[in-house]
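Trainee: Counted from 1, the sequence shown has number 12 at position 12 by this note's numbering; the numbering is strictly sequential.
Below is one structure. I have some questions about it.
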Amino acid sequence: MIRVLLTDDQHLVRTGLRALLENDSEIEVIGEASNGEESLDQVKKLHPDVVLMDIRMPVMNGVDATSRIKESERSPAVLILTTFDDDDEVLSAIRAGAAGYLLKDTSGPRLREAVRAVAAGESQLSPQIMRKLMDHVAAGPPAGDSQDFSVLTERELQVLKAVAQGRTNSEIAAELYLSSATARTYVSRILTKLDARDRTELAILAHRAGLDGLL
């Protein structure tokens with residue numbers, strides 16, 4: 001069972017999120033918080049696996065709360081869920097240690113899959129957020145060392161492109177006619193071969209190499 005803490009300053013939003021998440025038998029909402037400070041207290045008391053975190057809240061915002069939560073060695077995964085896709089907030093949240101960043105127009109099934117993914121140690125970014133991150137990378141200095149993608153098979157390159165486009169494992173599976181388990185195995189194999197930390201780093205490596213136009 002994945003234990004989730006909801007953090008949002010709007011009661012109606014928390015109620016809706018609870019209903020969406022508890023539609024999954026593998027997810028249990030164990031608590032709620034209306035700001036970042038309350039979220040810190042609840043994390044200490046309840047020990048959730050995942051914190052679903054809004055960005056703009058009174059008392060303490062989601063970025064500061066995420067940074068504080070991730071100071072602990074055994075911290076839960078933080079999944080940002082917000083209305084805002086401001087560039088600075090996106091980058092600040094990722095730097096603070098957020099495992100994912102989704103917008104509130106995300107569907108229920110996509111949100112539940114993202115919760116399961118970050119609980120398993122994966123990163124999750126919506127396609128819009130992935131594009132913003134890639135634009136930021138493109139505007140920065142070029143990477144010092146070129147990545148060797150020749151270690152990847154043709155199928156692994158296809159999966160890498162899908163990851164760079166912000167696809168989930170289920171979406172990759174449907175697009176490439178694979179099972180979800182096989183898609184997950186491919187992603188894990190690519191992470192190992194490219195010595196990457198997570199899906200976000202894979203996307204950055206692929207974008208820097210210009211693979212989007214080659215695959």
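Every residue gets a Cβ at the ideal spot worked out from N, C-alpha and C, and that includes glycine.
1) Cutting at 6 angstroms between CB atoms, please list the residues of its own chain near P127, excluding the five before and the five after it.
2) Excluding five sequence neighbours on each side, which residues of the same chain lie with their C-beta closer than 8 angstroms to the C-beta of G144?
3) Given that a residue counts as buried once 16 or more other Cβ atoms are within 10 Å of its Cβ, and exposed if not, what is K45?
4) Shortest alpha-carbon distance to A209 belongs to which of L40, D148, N61 and D8?
5) Please classify Q42 as buried or exposed, where buried requires at least 16 neighbouring CB atoms within 10 angstroms.
6) Roughly how many angstroms separate the alpha carbons of L20 and I2, rounded to a whole number?
7) According to DSSP, simplified to helix, strand and coil, what is V4?
8) Return the chain-ordered list of same chain residues with a C-beta closer than 6 angstroms to the C-beta of T200, the five sequence neighbours on each side being excluded.
9) What is the DSSP secondary structure of I55, reduced to helix, strand or coil?
10) If you draw a straight line from the C-alpha of A93 to the C-alpha of G62, how long is it?
11) For E71 and L40, I'd like the C-alpha separation in whole angstroms.
12) Comparing C-alpha positions only, which one of L81, R95, A181 and S188 sits nearest to L152?
13) Less than 9 angstroms between the beta carbons of V29 and L79, yes or no?
14) Once the 5 residues before and after G97 are set aside, which same chain residues still bring their CB inside 8 angstroms of it?
15) Of the choices E175, A181, E171 and L160, whose alpha-carbon is the least far from that of A196?
16) Determine the direct distance from the alpha carbon of L178 to that of K193, and round the result to whole angstroms.
17) Compare the Cα-Cα distances from M57 to each of T7, G108 and L12 and report the closest residue.
18) Taking only three categories from DSSP, how would you classify E32?
19) Starting from Y186, trace the alpha helix (DSSP H) in both directions and tell me its first and last residue.
Mentor: In terms of the structure at hand:
1) For P127, where only same-chain residues beyond five positions count, the Cβ hits under 6 angstroms are G166.
2) The predicted position of G144 is uncertain, since its pLDDT is 49 and thus under 50; a value taken from the coordinates is nonetheless stated next. So the list is empty, once near-sequence residues are dropped.
3) Looking at its Cβ environment, which holds fewer than 16 other Cβ atoms inside 10 Å, K45 is exposed.
4) Taking A209 as reference, the option from L40, D148, N61 and D8 with the minimal CA-CA separation is D148.
5) Looking at its Cβ environment, which holds 16 or more other Cβ atoms inside 10 Å, Q42 is buried.
6) Straight-line Cα distance between these residues: approximately 14 angstroms.
7) In this structure, V4 counts as strand in the three-state DSSP scheme.
8) Hits under 6 angstroms: S123.
9) Three-state result, I55: coil.
10) Cα atoms of A93 and G62: separation of roughly 8 angstroms, rounded to the nearest angstrom.
11) So the alpha carbons of these two residues sit roughly 11 angstroms apart.
12) Of all alpha-carbon atoms in L81, R95, A181 and S188, the one lying nearest the alpha-carbon of L152 is that of S188.
13) No.
14) For G97, where only same-chain residues beyond five positions count, the Cβ hits under 8 angstroms are T66, S67, I69, K70, S75 and V78.
15) The shortest C-alpha separation from A196 is found at L160.
16) L178 has its alpha-carbon roughly 20 angstroms from the corresponding atom of K193.
17) For the residues T7, G108 and L12, the minimum Cα distance to M57 belongs to T7.
18) Reduced to three states, the DSSP call for E32 is strand.
19) Y186 -> alpha helix (DSSP H) spans S180 to L194.
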